[in-house]
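Below is one structure, written out as structure tokens; the observations come after it.
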Amino acid sequence: VYRDNEPKRKWRYPDWDETFTLAGETVCVVGLGTLGQGVAARADGVGMDVVGVRRTPTPVPSVRQIYTPDALSDAIADARFVVLTPPLTDRTRGLVGSEELDAMREDAYLVNVARGPVVDQASLIGALEAGGIAGAALDVFEEEPLPDDSPLWEMENVIVTPHAAGATRAYGERVAALVEENTKRIRTDDALANQIV
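Each step along the sequence shown adds one to the number in this note's numbering, with nothing skipped, and position 86 is 97.
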């Protein structure tokens with residue numbers, strides 16, 4: 012909104028823009044692999060209370076409490092932010108549906124940087140339209156590109172990005188390093204780095 016107002020030379024604080032700080036807020040990171048642990052470390056770094064969901068209850072740096080997937084609704088119930096980072100597998104397809112969205116706080120935000128089908132998109136749209144959650148930041152969708160007629164495009168409380176969350180200047184270098192590392196591991200019959208299944 013502020014960026015949109017800049018060329019119009021509008022110096023106005025929108026009535027609906029209720030500010031808050033991240034410090035002290037709870038974030039639940041669902042999926043604590045490499046990406047999820049990176050999110051957790053950054054959230055902890057700005058003073059957020061970090062809880063997480065993963066298959067095993069093994070402790071993770073920066074994460075105060077670990078929940079297993081069967082306790083997902085409990086894990087997200089008190090979080091102001093729910094950040095989805097798991098891989099798409101048979102277990103994670105439709106992981107967040109109406110039951111999980113109903114468990115979230117009304118002032119909570121859902122962030123999906125995982126894969127679109129991790130979230131039941133129709134249930135998410137319903138929750139957003141009904142005010143069941145405050146908003147969403149979505150980088151991935153059930154269908155990509157997001158169809159022109161999707162209601163998500165028009166929602167004021169939704170940020171849509173084109174599956175670009177990982178697109179950084181260093182992305183190519185990181186992928187090349189991972190390929191190089193895994194080539195070495197294949198030759199020595201070691202477990203692959205960053206393996207999902």
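All C-beta atoms in this analysis are idealised placements derived from N, C-alpha and C, irrespective of residue type, glycine included.
Remember, predicted model here, so these are calculated numbers, not experimental data.
Beta-carbon separation (whole angstroms), residue i vs residue j, contact threshold 8 Å
i, j, result
"A175", "D159", "Not confirmed; about 18 Å, so no contact."
"G63", "V40", "4 Å"
"L95", "V107", "7 Å"
"R196", "L189", "About 10 Å; that fails the 8 Å criterion."
"T37", "A90", "5 Å"
"R75", "D60", "6 Å"
"N205", "T45", "6 Å"
Exposure of residue i, with buried meaning 16 or more beta-carbon neighbours within 10 Å
i, result
"L43", "buried"
"N16", "exposed"
"Q48", "buried"
"I144", "buried"
"R126", "buried"
"Y24", "exposed"
"V186", "exposed"
"T103", "buried"
"A51", "buried"
"P97", "buried"
"E29", "exposed"
Whole-angstrom distance between residue j and residue i, CA atom to CA atom
i, j, result
"G35", "I77", "18 Å"
"S109", "P128", "14 Å"
"G105", "T194", "33 Å"
"A168", "A181", "Sequence check: residue 168 is Asn here, not Ala. One C-alpha to the other measures close to 30 Å."
"M166", "D200", "50 Å"
Residue of the options minimising C-alpha distance to residue i
i, options, result
"L135", "R14, W164 and A147", "A147"
"E140", "V130, K21, L163 and G56", "L163"
"P156", "A145, E167 and V171", "V171"
"T32", "K21, V57, D113 and S73", "V57"
"I87", "D101, R102, A114 and S73", "A114"
"F152", "R65, N123 and R53", "N123"
"D101", "V130, S84 and D85", "V130"
"A133", "D118, S161, R116 and Y120", "S161"
Minimum Cβ-Cβ distance from residue i to chain C less than 8 Å
i, result
"L163", "Protein chains in the displayed structure number just one, and chain C is not present."
In chain order, which alpha helix (DSSP H) runs of at least 4 residues are fully inside the region 55-126? 83-88 and 109-114
Along the chain, which unbroken stretches of the alpha helix (DSSP H) at least 4 residues long are found entirely within the region 13-45? With a minimum length of 4 residues, the unbroken runs of alpha helix (DSSP H) contained wholly in the region 13-45 fall at 13-16.
Which runs of the beta strand (DSSP E) spanning at least 3 residues fall entirely within the region 132-178, listed in chain order? 146-149 and 169-171
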